[in-house]
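> If you scroll down you'll find the structure; I have some questions about it.
In this note's numbering, the protein residues as written are -11 to 261.
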């Protein structure tokens, strides 16, 4: 992820149409097309108790020890629980019409391509599980006052060589969240399930202010739990991100299910409650 506001939105990164880049683009295009099929697969993960209609009532009541969700954040009966999924760096920067693709590799692979492929799979999986999914762009006007059971923004980390430890993922919530317990619960579920499904290491110590002060945290409704996830590094985790985006998507979907279904979860080094 690269912090857009601090960069010249009119600058365009160097692009290429090398054979490697074309191969990656084709691969990600095919992967995104798997969303419909994976929606059926994801449905099979859903616990019997995870019926969206029943969940709405339970979340409103705050049962099972979970914090109650304000009624205003739950859609009308029969529409399913609302989840917002942001594909990081998608859509134009406000007032410019220019799309910032985020981190860019020398051969033309961009963070945006990876983010979009994973986000499409996540959205398809959640829809298959019965949720009402809002597919949002980075600077989407719908983020203003957005109300939902959760909002997840999907990004990837730098393509530059840092060191041999620059592999793994990060998850963060707003440092100034007005609902810190629920926001941290969402983070914990995403870290637990994503790490379990992907086998990647959680880099808690390298979470940056760009993540904890992510712009969308200040735009959405104050009672909407939100998190940003860096799914991996475009350098050392490139093979995983481009060849197995369905595993990244599965980890995120299961993290959301963990959160809304109040399932046991813990951060590395902690015991699950």
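Quick reminder that beta carbons are idealized off the backbone N, C-alpha and C, glycines included.
Just so you know, these numbers come straight off a predicted model, no measurement behind them.
Pop quiz: residue 73 and residue 123 are said to be a contact at Cβ under 8 Å. What is the actual Cβ separation, rounded to whole angstroms?
Confirmed, Cβ separation roughly 6 Å.
> Between which two residues does the alpha helix (DSSP H) containing residue 99 stretch?
Segment 99 to 116, the alpha helix (DSSP H) holding residue 99.
> Figure out for me which residue from 209, 105 and 95 has the closest Cα to the Cα of residue 166.
If we check each option's Cα against that of residue 166, 209 comes out closest.
> With a cut-off of 8 Å, do at least 3 Cβ pairs link the region 147 to 167 to the region 178 to 190?
Enough Cβ pairs lie closer than 8 Å, so yes.
> Measuring straight from C-alpha to C-alpha, what distance separates residue 203 and residue 152?
Between residue 203 and residue 152, the C-alpha separation is close to 30 Å.
> What residue range does the beta strand (DSSP E) around residue 214 cover?
First-last of the beta strand (DSSP E) with residue 214: 214 to 221.
> Let's test the definition: count the other Cβ atoms within 10 Å of the Cβ of residue 196 and tell me whether it reaches 16, buried, or not, exposed.
So residue 196 ends up on the exposed side.
> According to DSSP, is residue 262 part of a helix, a strand, or is it coil?
For the chain, the structure presents residues -11 to 261; residue 262 sits outside this window and is missing.
> Need the endpoints of the beta strand (DSSP E) that residue 88 sits in, please.
Where residue 88 is concerned, there is no enclosing beta strand (DSSP E), given that its DSSP letter is neither H nor E.
> I'd like to confirm the pairing. Which residues does DSSP put opposite residue 232 in its beta bridges?
According to DSSP, which records beta bridges pairwise, residue 232 is partnered with nothing at all.
> Please name the residue in 127, 149 and 119 whose C-alpha comes closest to that of residue 205.
Nearest option by C-alpha distance: 127.
> What is the DSSP secondary structure of residue 237, reduced to helix, strand or coil?
DSSP places residue 237 in helix when its eight states are reduced to three.
> Would you kindly work out how many angstroms separate the C-alpha atoms of residue 145 and residue 223, rounded to a whole number?
Taking the straight line from one Cα to the other gives about 8 Å.
> So the alpha helix (DSSP H) residue 174 belongs to, where does it begin and stop?
Run containing residue 174: 168 to 186, per the alpha helix (DSSP H) assignment.
> Do you know how far the Cα of residue 257 is from the Cα of residue 190?
Roughly 11 Å between the two C-alpha positions.
> Since residue 70 is in the beta strand (DSSP E), which residue starts that stretch and which ends it?
From DSSP, the beta strand (DSSP E) with residue 70 extends over 70 to 75.
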